[in-house]
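> In mature numbering (1 follows the signal peptide of the UniProt record, and there is no 0), the protein residues as written are -22 to -1, 1 to 167.
Ideal Cβ placement from N, Cα and C applies to all residues, glycine included.
Please read these numbers as outputs of a predicted model, since none were measured by experiment.
1. Please report the Cβ distance between residue -20 and residue 127, rounded to the nearest whole angstrom; I am assuming they are in contact, meaning their Cβ atoms lie under 8 Å.
2. Is residue 35 near residue 60, with beta carbons less than 7 Å apart?
3. For residue 109, count the other beta carbons within 10 Å of its own beta carbon; 16 or more makes it buried, fewer makes it exposed. Which is it?
4. Do the CB positions of residue 11 and residue -8 come within less than 7 Å of each other?
5. Can you tell me the Cα-Cα spacing of residue 27 and residue 58, whole angstroms?
6. Do the stretch 66 to 79 and the stretch 11 to 21 make contact, defined as three or more Cβ pairs closer than 8 Å?
7. For residue 63, count neighbouring C-beta atoms within 10 Å of its own C-beta (all shown protein chains included) and say buried if the count is 16 or more, exposed if not.
See the structure below:
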(Lines of atoms letter the chains of each structure in order from A and count residues from 1; the text may use other names and numbers.)
(Lines give C-alpha, C1' and ligand atoms only; values in the text may rest on other atoms or scores of the structure.)
Protein backbone atom coordinates (compact mmCIF):
# COMPACT_ATOMS: atom_id res chain seq x y z
CA UNK A 1 0.00 0.00 0.00
CA UNK A 2 2.82 2.44 0.81
CA UNK A 3 4.31 1.92 -2.62
CA UNK A 4 1.26 3.23 -4.48
CA UNK A 5 -0.08 5.70 -1.93
CA UNK A 6 3.07 7.25 -0.50
CA UNK A 7 6.32 6.40 -2.30
CA UNK A 8 5.17 6.80 -5.92
CA UNK A 9 3.11 9.96 -5.22
CA UNK A 10 6.05 11.49 -3.34
CA UNK A 11 8.39 10.84 -6.26
CA UNK A 12 5.95 12.08 -8.90
CA UNK A 13 5.10 15.26 -7.01
CA UNK A 14 8.80 15.92 -6.36
CA UNK A 15 9.48 15.57 -10.08
CA UNK A 16 6.57 17.77 -11.13
CA UNK A 17 7.49 20.38 -8.50
CA UNK A 18 11.14 20.28 -9.50
CA UNK A 19 12.17 19.87 -5.86
CA UNK A 20 14.55 16.93 -6.31
CA UNK A 21 18.22 17.70 -5.82
CA UNK A 22 20.05 18.67 -8.99
CA UNK A 23 23.42 16.95 -9.22
CA UNK A 24 26.47 18.79 -10.60
CA UNK A 25 26.07 19.19 -14.35
CA UNK A 26 22.29 19.04 -14.13
CA UNK A 27 20.23 22.14 -14.77
CA UNK A 28 16.74 22.37 -13.27
CA UNK A 29 15.70 24.80 -15.98
CA UNK A 30 15.86 21.89 -18.45
CA UNK A 31 13.37 19.83 -16.43
CA UNK A 32 10.37 20.21 -18.70
CA UNK A 33 8.39 17.83 -16.48
CA UNK A 34 8.47 20.28 -13.53
CA UNK A 35 5.11 21.80 -14.46
CA UNK A 36 3.99 22.54 -10.89
CA UNK A 37 7.13 24.36 -9.72
CA UNK A 38 5.59 27.80 -10.06
CA UNK A 39 3.76 28.77 -6.85
CA UNK A 40 0.78 30.25 -8.71
CA UNK A 41 0.40 27.11 -10.86
CA UNK A 42 0.54 24.92 -7.72
CA UNK A 43 -2.06 27.01 -5.88
CA UNK A 44 -4.36 27.05 -8.92
CA UNK A 45 -3.93 23.28 -9.22
CA UNK A 46 -4.76 22.85 -5.52
CA UNK A 47 -7.91 24.93 -5.88
CA UNK A 48 -9.07 22.69 -8.75
CA UNK A 49 -8.54 19.60 -6.59
CA UNK A 50 -10.46 21.21 -3.73
CA UNK A 51 -13.27 22.09 -6.12
CA UNK A 52 -13.62 18.47 -7.22
CA UNK A 53 -14.57 17.37 -3.69
CA UNK A 54 -18.22 18.32 -4.15
CA UNK A 55 -18.52 16.06 -7.22
CA UNK A 56 -17.29 12.86 -5.57
CA UNK A 57 -19.95 10.32 -4.59
CA UNK A 58 -20.57 9.96 -0.88
CA UNK A 59 -18.94 6.48 -0.86
CA UNK A 60 -15.54 8.15 -0.94
CA UNK A 61 -14.53 8.15 2.69
CA UNK A 62 -11.68 10.58 2.20
CA UNK A 63 -11.86 12.93 -0.81
CA UNK A 64 -8.57 14.74 -1.44
CA UNK A 65 -7.99 18.08 0.22
CA UNK A 66 -6.28 20.95 -1.55
CA UNK A 67 -2.73 19.59 -1.98
CA UNK A 68 -1.24 23.09 -2.05
CA UNK A 69 -2.45 23.50 1.54
CA UNK A 70 -2.47 19.96 2.99
CA UNK A 71 -0.03 17.69 1.12
CA UNK A 72 2.64 17.99 3.85
CA UNK A 73 0.29 17.69 6.81
CA UNK A 74 -1.17 14.22 6.90
CA UNK A 75 -2.54 13.55 3.43
CA UNK A 76 -4.11 10.10 3.76
CA UNK A 77 -3.50 7.07 1.54
CA UNK A 78 -7.08 7.23 0.23
CA UNK A 79 -6.58 10.89 -0.67
CA UNK A 80 -3.41 10.07 -2.59
CA UNK A 81 -5.15 7.25 -4.48
CA UNK A 82 -7.94 9.51 -5.68
CA UNK A 83 -5.70 12.53 -6.28
CA UNK A 84 -2.80 10.85 -8.09
CA UNK A 85 -4.59 8.10 -9.99
CA UNK A 86 -8.03 9.68 -10.35
CA UNK A 87 -7.64 13.45 -10.76
CA UNK A 88 -4.13 13.95 -12.09
CA UNK A 89 -4.53 12.19 -15.45
CA UNK A 90 -7.03 14.92 -16.33
CA UNK A 91 -5.44 17.82 -14.45
CA UNK A 92 -2.01 17.32 -16.03
CA UNK A 93 -3.35 17.18 -19.58
CA UNK A 94 -2.18 20.25 -21.45
CA UNK A 95 0.49 20.98 -18.83
CA UNK A 96 2.78 17.95 -18.68
CA UNK A 97 4.59 17.26 -21.99
CA UNK A 98 3.04 14.42 -23.97
CA UNK A 99 5.83 11.86 -23.47
CA UNK A 100 5.65 12.20 -19.67
CA UNK A 101 1.87 12.24 -19.71
CA UNK A 102 1.72 9.00 -21.73
CA UNK A 103 4.14 7.34 -19.32
CA UNK A 104 2.02 8.51 -16.40
CA UNK A 105 -1.13 7.15 -18.07
CA UNK A 106 0.51 3.72 -18.25
CA UNK A 107 1.32 3.88 -14.55
CA UNK A 108 -2.26 4.90 -13.75
CA UNK A 109 -3.62 2.03 -15.83
CA UNK A 110 -1.36 -0.46 -14.03
CA UNK A 111 -2.47 0.85 -10.63
CA UNK A 112 -6.12 0.60 -11.67
CA UNK A 113 -5.57 -3.04 -12.62
CA UNK A 114 -3.83 -3.79 -9.32
CA UNK A 115 -6.51 -2.07 -7.26
CA UNK A 116 -9.61 -3.34 -9.05
CA UNK A 117 -12.29 -5.09 -7.06
CA UNK A 118 -14.33 -6.62 -9.86
CA UNK A 119 -13.94 -10.20 -8.61
CA UNK A 120 -15.40 -9.23 -5.26
CA UNK A 121 -18.15 -7.17 -6.86
CA UNK A 122 -19.14 -10.00 -9.20
CA UNK A 123 -19.06 -12.91 -6.76
CA UNK A 124 -19.40 -11.51 -3.24
CA UNK A 125 -21.95 -8.81 -4.14
CA UNK A 126 -21.46 -7.12 -0.75
CA UNK A 127 -23.03 -10.11 1.01
CA UNK A 128 -21.34 -11.25 4.20
CA UNK A 129 -22.65 -14.74 3.49
CA UNK A 130 -20.47 -14.89 0.36
CA UNK A 131 -17.20 -13.48 1.71
CA UNK A 132 -15.73 -16.99 1.71
CA UNK A 133 -15.84 -16.88 -2.11
CA UNK A 134 -12.72 -14.71 -2.04
CA UNK A 135 -10.03 -17.27 -1.38
CA UNK A 136 -6.54 -16.31 -0.31
CA UNK A 137 -5.28 -16.91 -3.85
CA UNK A 138 -7.45 -14.05 -5.15
CA UNK A 139 -6.36 -11.74 -2.34
CA UNK A 140 -2.72 -12.62 -3.00
CA UNK A 141 -2.97 -11.47 -6.62
CA UNK A 142 -3.43 -7.92 -5.34
CA UNK A 143 0.01 -8.12 -3.68
CA UNK A 144 1.97 -9.83 -6.47
CA UNK A 145 3.29 -6.75 -8.24
CA UNK A 146 4.37 -5.07 -5.01
CA UNK A 147 6.04 -8.21 -3.71
CA UNK A 148 7.86 -8.70 -7.01
CA UNK A 149 9.23 -5.16 -6.74
CA UNK A 150 10.14 -5.68 -3.08
CA UNK A 151 11.55 -9.22 -3.12
CA UNK A 152 12.35 -9.84 -6.77
CA UNK A 153 11.00 -12.41 -9.21
CA UNK A 154 8.72 -14.89 -7.47
CA UNK A 155 10.67 -17.85 -8.85
CA UNK A 156 13.43 -16.92 -6.38
CA UNK A 157 11.36 -17.29 -3.23
CA UNK A 158 8.07 -19.00 -4.03
CA UNK A 159 6.98 -22.45 -2.89
CA UNK A 160 7.87 -24.25 -6.12
CA UNK A 161 11.51 -23.16 -5.74
CA UNK A 162 11.67 -24.73 -2.30
CA UNK A 163 10.00 -27.89 -3.57
CA UNK A 164 12.50 -28.11 -6.40
CA UNK A 165 15.44 -27.77 -3.98
CA UNK A 166 13.96 -30.47 -1.76
CA UNK A 167 13.68 -32.69 -4.84
CA UNK A 168 17.34 -32.12 -5.74
CA UNK A 169 18.44 -32.79 -2.18
CA UNK A 170 16.29 -35.91 -2.09
CA UNK A 171 18.18 -37.26 -5.09
CA UNK A 172 21.44 -36.85 -3.16
CA UNK A 173 20.24 -39.13 -0.37
CA UNK A 174 21.87 -42.40 -1.29
CA UNK A 175 21.80 -44.43 1.92
CA UNK A 176 18.33 -44.80 3.33
CA UNK A 177 19.76 -46.14 6.58
CA UNK A 178 21.52 -42.77 7.17
CA UNK A 179 19.55 -40.37 4.92
CA UNK A 180 21.09 -37.15 6.19
CA UNK A 181 24.72 -38.29 6.13
CA UNK A 182 25.15 -37.41 2.45
CA UNK A 183 23.29 -34.12 2.89
CA UNK A 184 25.50 -33.21 5.83
CA UNK A 185 28.57 -34.04 3.78
CA UNK A 186 27.30 -31.87 0.90
CA UNK A 187 26.78 -29.03 3.36
CA UNK A 188 30.35 -29.36 4.60
CA UNK A 189 31.74 -29.36 1.07
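In brief:
1. 7 Å
2. no
3. The residue is exposed, with fewer than 16 neighbouring Cβ atoms inside 10 Å.
4. For residue 11 and residue -8, yes; Cβs fall inside 7 Å.
5. 12 Å
6. yes
7. Residue 63 should be labelled buried.
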